[in-house]
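Written out below as structure tokens is the structure these notes cover.
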Amino acid sequence: MSQPAPISLLEELTARFAAAFAGLGADPALGQVAVSQRPELGQFQCNGAMSASKALKRNPREIAEAVVVAARDEALFAELTLAGPGFINVRVTDAALAARANALAADPRLGIARAAVPQTVVIDYGGPNVAKPMHVGHLRSSIIGDSLVRLFRFLGHDVKGDIHLGDWGTQMGMLIYELSRLQPNLPYFDPALAGPYPAEPPVTMEDLQAMYPAVAARCKADEDERRAATQATVELQQGRPGYRALWQHFRDLSIAELKADFHRLGVDFDLWYGESDYEPDIPAMIAELRAAGVAIEDAGALIIPVEQPDDKKPMPPVMLLKSDGGANYATTDLATIRQRVRDLHADLILYVVDKRQSLHFEQVFRAARKSGLAGNAVMEHLPFGTMNGADGRPFKTREGGVMRLKDLIAMMTDEAHKRMLEANVAQDYPGAERAAIAHKVGMAALRYADLMNVRTADYVFDIERFTRFEGRTGSYLLYAAVRIQSILRKAAERQLAPGTILPPACDEERALVLALAQLPEALRAAADQRMPHHLCAFAFDLGQALSRFYNACHIMDEKDAARQASWLGLVTLVLRELELLLGLLGIEIPERM
RNA sequence: GCGCCCGUAGCUCAGGUGGAUAGAGCAACGGACUUCUAAUCCGUAGGCCGGAGGUUCGAGUCCUCCCGGGCGCGCCA
171 MSQPAPISLL EELTARFAAA FAGLGADPAL GQVAVSQRPE LGQFQCNGAM
221 SASKALKRNP REIAEAVVVA ARDEALFAEL TLAGPGFINV RVTDAALAAR
271 ANALAADPRL GIARAAVPQT VVIDYGGPNV AKPMHVGHLR SSIIGDSLVR
321 LFRFLGHDVK GDIHLGDWGT QMGMLIYELS RLQPNLPYFD PALAGPYPAE
371 PPVTMEDLQA MYPAVAARCK ADEDERRAAT QATVELQQGR PGYRALWQHF
421 RDLSIAELKA DFHRLGVDFD LWYGESDYEP DIPAMIAELR AAGVAIEDAG
471 ALIIPVEQPD DKKPMPPVML LKSDGGANYA TTDLATIRQR VRDLHADLIL
521 YVVDKRQSLH FEQVFRAARK SGLAGNAVME HLPFGTMNGA DGRPFKTREG
571 GVMRLKDLIA MMTDEAHKRM LEANVAQDYP GAERAAIAHK VGMAALRYAD
621 LMNVRTADYV FDIERFTRFE GRTGSYLLYA AVRIQSILRK AAERQLAPGT
671 ILPPACDEER ALVLALAQLP EALRAAADQR MPHHLCAFAF DLGQALSRFY
721 NACHIMDEKD AARQASWLGL VTLVLRELEL LLGLLGIEIP ERM
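Be aware that the first sequence starts at 171, since it is given in my numbering, and climbs by one per residue.
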């Protein structure tokens, strides 16, 4: 029933060398095998002999020789050679490679083990705000988070992706205040009235999006305006019925808009909780924190000190209640952790949030641990860098405003369309199919261009470069997959079926099998580091290995039927890995292009 | 001021726990198409890895200092 966890090729090689090192009395960890940096010398390498030299007080070269003798296995190793001070270079037999490829082909999970101990993982990403248009600042959080959701879920964890909507706090008070100024006669503002209120919202989404920047700017500039907005916020939080009714309208309008935007982007959430959902829990949480002596009064506010003796920097306390009695961002975040641990039974909580908020999360995590409300859950802030324009400043529209996600998606699709026209791609397909392909190409370009960067680094948005059909782009990978699909269709027409994969007969074929065997390491690196760019890099390497093979070996013209069937099996396997990888990146592959 | 992140080819970026000659894409130059979709592939050229010390048999990677850039630092979210 429960099958033994599959072991990757690299793990198998490492196990052999680890045993050999252990046999010499050295640390088995020194047996770590890596893909060779010098392909002309070997496919893999092990450098442990040099490190072992000190502990064993022996010449590294001697150690390497002894390891090679101990590891010897003619079925697995085609070649074990020594070089330099004690490098061990490894080549694997073609028979072993073929066996590995067939094992992958036979495994629905492509050799990827399910987590031995599945965890409940809550991933907090997206984080759009009600009434504010979603802009490119939310883009990275959304697509990185989405990719991590897909990855952790594939690895067998119980994943809950939570949008953590910004639907509470000052911004809502600002909007209510702004509407009271613009339309003071609405029933929501009549203190004598406690409802019922109209079912239809008094404003449209467009109105809200115009109101927010206006009122935010005035609050920033004018003390009185700010006070009025704060007053509205406090009254909302105290439950004034008209304000709650308005808030509900604003929230409903925004969610409808957000769902449409995220759908276009291909991002889904399991949970649509918002900050407001934790609001009722806050008094009880504060009472607990007070009772436990964790929260203390300071200068009229309620705080949790979180500094530690070994801090190298000043660590401000978490502000639970401001001196005006209002709750804060951090308060909501703590209440959220409390709920995720108590009700969702989270083992791991990942926050895909802008790197500028790292101090905030440091404080909140400390407070959550100190107070015990995090239980045993592990919390991690997964910071990401900014998407910049060509000027190196955060990406803006030509007019200098924030780029709305909806417009960005349209831009990407249009640009993809333009490229397709230039390259004469899909021009004879039906218009609806062509449009669908353009959307997929545009989204693939956007997601790949974003995810290929190391998460924490800033990157430059360059739509022309992203949508190119050449090089490290989403389109390149779609093309690789589509070419395989095309071959498999042609083969099916000729009644040719994929067969057992034979030992590779040429360098391109061998390199392709070797690339295929490295899938587990790519997924593991991406998951361990929570860095999807490893998936991007591996997908490109695999695509390139495929293209080389494709150029060198003409499948449909192959005369040897067994070899032809083997090649069909091989490219089927490549397609399955590409489908998995692109799927984890949230990239959809069209039937044809 | 204190703290965090970053500086690698003309441009955009990779570089597990320190390992051999620092890689890729784009751009440049030269090749391979009666195409299983050339959106591809092969080759050439391009580098004092910001600078200076140090640890080590070995440093892009670890430590210290400096230069240059980004960001953050109690009642915003």
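Positions of the beta carbon are idealized from the N, C-alpha and C atoms, including for glycine.
Among residues of its own chain, excluding the 5 on either side of residue i, which ones have a beta-carbon nearer than 7 angstroms to its beta-carbon?
{"i": "A615", "result": "M582, A586, F636, T637, T643, G644, S645"}
{"i": "G326", "result": "R284, A285, P288"}
{"i": "L423", "result": "P371, M375, L378"}
{"i": "S528", "result": "H551, P553"}
{"i": "A685", "result": "D711, L712, A715"}
Residues in the same chain with beta-carbon distance under 6 angstroms from residue i, minus the five sequence neighbours each way, listed in chain order, please.
{"i": "H633", "result": "Sequence inspection shows Ile at residue 633; the His mentioned does not correspond to that position. Within the same chain, I633 has close Cβ partners E585."}
{"i": "F535", "result": "M549"}
{"i": "L751", "result": "L705, A709"}
{"i": "G444", "result": "L335, D337"}
{"i": "M171", "result": "Any reading at M171 must be qualified, since the residue scores a pLDDT of 42, below 50, and its modelled position is unreliable; no value is offered."}
{"i": "R186", "result": "A241"}
{"i": "R388", "result": "E395"}
{"i": "G212", "result": "S206, N259, V260, R261"}
{"i": "D431", "result": "M304, L575, K576"}
Helix, strand or coil: how does DSSP classify residue i here?
{"i": "N259", "result": "strand"}
{"i": "M701", "result": "coil"}
{"i": "P453", "result": "helix"}
{"i": "M304", "result": "coil"}
{"i": "R786", "result": "Since the first residue of the chain shown is 171 and the last is 763, residue 786 is not available in this structure."}
{"i": "I466", "result": "strand"}
{"i": "Q215", "result": "strand"}
{"i": "T290", "result": "strand"}
{"i": "K729", "result": "coil"}
{"i": "G436", "result": "coil"}
{"i": "L738", "result": "helix"}
{"i": "H587", "result": "helix"}
{"i": "M582", "result": "helix"}
{"i": "I177", "result": "coil"}
{"i": "Y358", "result": "helix"}
{"i": "C706", "result": "helix"}
{"i": "R694", "result": "helix"}
{"i": "Y618", "result": "helix"}
{"i": "Y599", "result": "coil"}
{"i": "R279", "result": "coil"}
{"i": "L745", "result": "helix"}
{"i": "I314", "result": "helix"}
{"i": "Q407", "result": "helix"}
{"i": "M171", "result": "Here M171 scores only 42 on pLDDT, less than 50, and its place in the model should not be relied on; the value that follows carries that caveat. If DSSP states are grouped into helix, strand and coil, M171 belongs with coil."}
{"i": "L755", "result": "coil"}
Would you call residue i buried or exposed, if buried means 16 or more other Cβ atoms sit within 10 Å of its Cβ?
{"i": "A661", "result": "buried"}
{"i": "E449", "result": "buried"}
{"i": "N355", "result": "exposed"}
{"i": "M701", "result": "buried"}
{"i": "P368", "result": "exposed"}
{"i": "E640", "result": "exposed"}
{"i": "L201", "result": "The identity of residue 201 in the sequence shown is Gly, whereas the question assumes Leu. That one is buried."}
{"i": "V239", "result": "exposed"}
{"i": "A380", "result": "exposed"}
{"i": "D332", "result": "buried"}
{"i": "H724", "result": "exposed"}
{"i": "N229", "result": "exposed"}
May I ask you to list the residues that DSSP assigns as paired with residue i?
{"i": "H609", "result": "According to DSSP, H609 bridges with nothing at all."}
{"i": "N299", "result": "G336"}
{"i": "A253", "result": "F257"}
{"i": "V329", "result": "V291"}
{"i": "L441", "result": "D332"}
{"i": "F247", "result": "V262"}
{"i": "L472", "result": "E467, L491"}
{"i": "R460", "result": "Partner(s): none; R460 has no beta bridge."}
{"i": "R574", "result": "H305"}
For residue i, collect the residues of the same chain with a Cβ closer than 8 angstroms to its Cβ; drop the 5 residues on either side in sequence, then sort them by chain order.
{"i": "P674", "result": "D264, L267, A268, R680, L682, V683"}
{"i": "S742", "result": "Per the sequence shown, residue 742 should be read as Thr rather than Ser. Same-chain partners within the cutoff: A275, I654, L658, P668."}
{"i": "I507", "result": "I519, V534, A538, L543, A544, A547, M549"}
{"i": "G559", "result": "F565, K566, V630, F631"}
{"i": "I177", "result": "A185"}
{"i": "A462", "result": "S541, G542"}
{"i": "A147", "result": "Residue 147 lies beyond the range of the chain shown here (171 to 763); nothing can be said about it."}
- What are the uninterrupted segments assigned as alpha helix (DSSP H) that are 4 or more residues long and contained completely in the region 628–691, given in chain order? Entirely contained in the region 628–691, the alpha helix (DSSP H) runs reaching 4 residues are, in chain order, 633–636, 644–663, 677–686.
- Message: Which complete beta strand (DSSP E) runs does the region 488–566 hold, if anything under 3 residues is left out?
- Response: Scanning the region 488–566 from its first residue to its last, the whole beta strand (DSSP E) runs of 3-plus residues come out as 488–491, 518–524, 548–554.
- Whole beta strand (DSSP E) runs in the region 183–245 with 3 or more residues, listed along the chain? Every beta strand (DSSP E) stretch that sits fully inside the region 183–245 and reaches 3 residues is listed by chain position as 203–205, 214–216.
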